[in-house]
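Below you'll find the structure, written out as structure tokens, and then a few comments.
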Amino acid sequence: MKITILTLFPEMYEGFLNTSMIKRIISKDLVEFKIVDIRDYSIDRYRHVDDTPYGGGAGMLMRVDVAHHAILDNATSKTRVLLTSPKGKKYTQEDAKRLVKEEEILILCGHYEGIDSRIEKYCDEMVSIGDYILTGGELASMVISDSIVRLIEESISPESLKEESFEDGLLEYPQYTRPVEYDGEEVPFVLTNGNHKEIRRFNLKNALKETLKYRPEMLEGRVFTPEEEKLLIEIQEESCEE
Ligand code: SAH
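Under this note's numbering, the first residue of the sequence shown carries the number 52, and numbering increases by one thereafter.
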């Protein structure tokens, strides 16, 4: 898979691409990143890429011709072109799962006041990473590509992915490591006794509990398995006893 990022600040990606899992996956040739400086497509020798908005208003807007030329030079007919924008559809794990199937992705990062609106015509989708305004699309592009890259099959063992938050519509159950007791808090006994059937049931129950507590709306419309139904009744009974 190839991920191309169009940005005015290529230096922001140095740490991102050279650390931990992303670095490892790149070194295994499972993904190729290309970071392109939009300034290379500026229209004058002063390397200008933006201008003041028509009709007034604060700040500078990236020019559509500059951004479009950068897309044309870096995308092919196979490339899925994403425009980072607070106006976009809110990005979720479902999008990561959809996008990991693409052969090539290009992510366009705006800056300052954003990009001339005419750029939307040349993009396949607009993506927002949440309801807040960033100074630029760089962090958004890292969030998007990080979530995609870690899904690349060979990069991570299938077992660890399956039980992660959001993968099965539940938050992840609480996890523990050594020491077995810390500041009066003990690791639940079930997890230390090696009975895998019990451990699975215990974790599923806790995943349901966590989701009910922190993100109950995630359970709306869920079709519960008979086992989950039983566990939910147990959870309800326990909360009545408390
Ligand atoms: N004036 C614009 C905001 C521009 S912010 C508006 O009000 O809609 C500058 C750039 O940061 C945007 O072009 C986009 O690339 C990026 N950006 C800001 N917030 C974002 C968000 N929530 N999700 C994705 N990208 C974002």
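Heads up, the beta-carbon is just placed ideally off N, CA and C, and yes, glycines get one too.
- Inside the stretch 113-192, DSSP marks whole beta strand (DSSP E) runs of 3 or more residues at positions 130-141, 155-159 and 176-179, from first to last along the chain.
- Using a Cβ distance threshold of 8 Å, Val-132 and Ile-122 count as a contacting pair.
- Less than 8 Å divides the Cβ of Met-52 from the Cβ of Val-82.
- Residues Val-115 and Ala-118 of the same chain have their beta carbon placed closer than 6 Å to that of Ile-170, with the five preceding and five following residues left out of the count.
- In this chain, the alpha helix (DSSP H) harbouring Ile-77 covers 71-78.
- Contact between Ile-73 and Asp-197 holds, since their C-beta atoms are separated by about 7 Å, short of 8 Å.
- Our two residues, Lys-152 and Glu-145, have alpha carbons roughly 12 Å apart in a direct line.
- Put simply, the stretch 227-242 does not touch the stretch 272-283. Fewer than three CB pairs are less than 8 Å apart.
- Between the beta-carbon of Ile-77 and that of Leu-57 there is about 19 Å, and that puts the pair past the 8 Å contact cut.
- Rounded to whole angstroms, the separation of the alpha carbons of Leu-263 and Asn-125 is 45 Å.
- Exclusion of Thr-262 from the 7 Å shell around the ligand SAH follows from its C-beta lying no nearer than that to any non-hydrogen atom of the ligand.
- For Thr-143, the closest alpha carbon among the candidates Met-113, Gly-106, Gly-220 and Pro-225 is that of Gly-220.
- Rounded to whole angstroms, the separation of the alpha carbons of Gly-181 and Lys-140 is 9 Å.
- Between Lys-129 and the set Lys-138, Leu-157 and Leu-112, the nearest pair of CA atoms involves Leu-157.
- By the 16-neighbour rule on beta-carbons within 10 angstroms, Phe-67 is buried.
- Per the coordinates, the alpha-carbon of Arg-201 lies some 11 Å from the alpha-carbon of Ser-71.
- Annotation: Arg-273 to Ser-290 spans about 21 Å, alpha carbon to alpha carbon.
- For Ile-56, the three-state secondary structure derived from DSSP is strand.
- Just so you know, the alpha carbons of Asp-91 and Ser-216 end up roughly 40 Å apart.
- Using a 10 angstroms sphere on the CB of Val-100, the tally of other CB atoms reaches 16 or more, which defines it as buried.
- Annotation: Asn-244 to Val-238 spans about 11 Å, alpha carbon to alpha carbon.
- By the C-beta density criterion, Asn-69 is exposed, having fewer than 16 other C-beta atoms within 10 angstroms.
- Between Ser-179 and Pro-137, the gap from beta carbon to beta carbon is short of 8 Å.
- Of the residues Cys-160, Asp-80 and Arg-96, the one whose Cα lies closest to the Cα of Tyr-64 is Cys-160.
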